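Chemist: Here the sequence shown is numbered in the numbering used here, starting from 1 and rising by one per residue.
Pasting a structure below so you can have a look.
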Amino acid sequence: MRIALLGAGIIGRVVARDLAGWDRPEEVVVGDLDGERAAAVATETGFEARTVDVRDPESLDGFLAGADVVINSAQYEVNLPVMEGCLRAGAHYTDLGGLFHTTRKQLLLDDRFREAGLTAVLGLGSCPGIANVHAGDLGERLDRVRSVIIYNGATTDPSDTLKWPYSLWTIFDEITKPAMVFRDGEFVELEPLSEEELFPFKEPIGYRKAHLSLHSEVATIPLSLADKGIQACEFKIHFFGFSEGALRKLQFLASLGLASTEPRRVGDVDGVVPRRLMVELLEELNPEPPHHAGFKDIATVAEGEKEGRPVRMRLDTTAWPSERLGAAGGTIVVGVPPAIVARWMAGGTITERGVKPPETIVPPAPFYQEMARRGIQTSFTEETVLAG
């Protein structure tokens, strides 16, 4: 079994540690555009390291040669070229999500992956990923599904640190791009960060504000549960893992145009990308890791009917920081799922072919059991209206 891990950043490090710590594959190669970063992760875990430029087909093909499965933990913008590389290499594929619009384009590769005898699982982190598995599970438990709403919450640092929990580039996309929701059987575009509500997350998070955000779950769950009559689906998150004060700072920077990806002329210099400059400046600040509990709760709530009665079901997956994985709960729930399912694809546990969202291909019970081995817990609650 040879697994190619693309991306050695915040999440890639955790994926590598999981691969090294449980049911270690025979071979793992870690690749990144930053060769030193890839080497650091590979040295820590005892894996192989490569420098790879995914936008260069020759470089990508060399990296993927001999791989049974590819875990793509790089920026979602490269999902499509990496999938093309997997088709050339004859390798299965999984990633962390495509921020709705890229995911929709990836689904169009279904026929080509099936014809090649390959499997691609799209969006297999926490959200998307765990939340999608929740949705598939809840869909099986209900006779009819009216709505699926996903809530993503975490304890946050009270000092308003700007230390980001995952790709800062992606967070700025979520801050600035319209959110997509599914309402009354149609996809609708809404303002980013709109429709705040208080949601009761598991303790120690408790009641926290959650707002809409552009996310991949909404791109696939309405399609997967169409036969159950689903009419609504949306994703809400508690400030992307920041405190409210920290998020408002980032919103202010974005309001000034500093999150723009359009090149500009600054003085005598052409081609300055405001977001790239801002992200590099924030990275140079190198803030200390946030001081908080590091607890994560992914809650998926489905409403529908069971045996003729209105029912509300909820699945929660929660995680505290892991000493073994060296990360907070919010990070390990992103890095663990692709490591689990990549093993299943490479080892033949998953045999269905084509491009699939997690809710249609990842078996919930074994998935929950594997996560529990890492200290990640999943719980289920159900409310039934008895009369009225």
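Every residue gets a Cβ at the ideal spot worked out from N, C-alpha and C, and that includes glycine.
Keep in mind it's a predicted model, so treat the numbers as computed, not measured.
#1: Rounded to whole angstroms, what's the CA-CA distance from Val269 to Arg55? Just pull it up for me.
#2: Hey, would you say Pro165 sits closer than 9 Å to Phe47, going by beta carbons?
#3: Quick one, are the C-beta atoms of Arg324 and Arg374 less than 9 Å apart?
#4: In whole angstroms, what is the alpha-carbon distance linking Ser213 and Glu383?
#5: Decide if the segment 185-192 is in contact with the segment 104-121; the criterion is three or more beta carbon pairs, one per stretch, under 8 Å apart.
#6: Just mark Tyr207 as buried or exposed, buried being the case when its beta carbon has 16 or more other beta carbons within 10 Å.
#7: Using CA coordinates, which residue listed in Glu284, Thr261, Asp137, Lys249 is at the minimum distance from Leu225?
#8: Report the rounded CA-to-CA distance for Arg114 versus Gly354, giving the unit in angstroms.
#9: List the whole-angstrom C-beta distance separating Val148 from Ala302, where the pair is believed to meet the contact cut-off of C-beta under 8 Å.
#10: Counting along the chain, where does the alpha helix (DSSP H) carrying Thr102 start and finish?
#11: Suppose the cutoff is 6 Å on Cβ atoms and the five residues either side in sequence are ignored; what does the same chain contact list for Gly294 look like?
#12: Go to Asp270, then tell me how far its beta strand (DSSP E) extends in each direction, as first and last residue.
#13: Quick check: the Cα distance between Gly66 and Glu234, rounded to an integer number of angstroms?
#14: So which of Leu87, Lys228, Val272 has the shortest CA-CA distance to Asp111?
#15: Could you give the distance in angstroms between the alpha-carbon of Leu64 and the alpha-carbon of Val336?
#16: How is Tyr166 classed by DSSP in three states: helix, strand or coil?
#17: For Ile221, which residues from the same chain have a beta carbon less than 7 Å from its beta carbon, with the 5 sequence-adjacent residues on both sides left out?
#18: Since Cys233 is in the beta strand (DSSP E), which residue starts that stretch and which ends it?
#19: Determine the direct distance from the alpha carbon of Ile175 to that of Arg248, and round the result to whole angstroms.
#20: Ala16 lies in the alpha helix (DSSP H); which residues open and close that run?
#21: For the alpha helix (DSSP H) holding Pro366, just list the boundary residues, first then last.
Modeler: This is what the structure gives:
#1: One C-alpha to the other measures close to 26 Å.
#2: Pro165 places its beta carbon 9 Å or farther from that of Phe47.
#3: Yes. Within cutoff.
#4: Rounded to the nearest angstrom, the two C-alpha atoms are 27 Å apart.
#5: No: fewer than three Cβ pairs fall under 8 Å.
#6: Taking all protein chains in view, the Cβ of Tyr207 is surrounded by fewer than 16 other Cβ atoms within 10 Å, so the residue is classified as exposed.
#7: For the residues Glu284, Thr261, Asp137, Lys249, the minimum Cα distance to Leu225 belongs to Asp137.
#8: C-alpha separation (whole angstroms): 4 Å.
#9: Contact holds; Cβ gap of about 5 Å.
#10: Counting along the chain, the alpha helix (DSSP H) containing Thr102 begins and ends at 101-107.
#11: So the qualifying residues of the chain are Pro321, Ala328, Gly329.
#12: 269-272 is the extent of the beta strand (DSSP E) around Asp270.
#13: Using only the alpha carbons, I get a separation of about 39 Å.
#14: For the set Leu87, Lys228, Val272, the Cα lying nearest the Cα of Asp111 is the one of Leu87.
#15: Taken atom to atom, the span from the alpha-carbon of Leu64 to that of Val336 is near 21 Å.
#16: DSSP places Tyr166 outside both helix and strand once states are collapsed to three, so it counts as coil.
#17: Hits under 7 Å: Asn132, Ala135, Val148, Cys233, Glu359.
#18: 232-237 is the span of the beta strand (DSSP E), which, as asked, contains Cys233.
#19: So the alpha carbons of these two residues sit roughly 10 Å apart.
#20: It spans 10-21 - the alpha helix (DSSP H) in which Ala16 sits, taken as one unbroken run.
#21: Start and end: 364-373.
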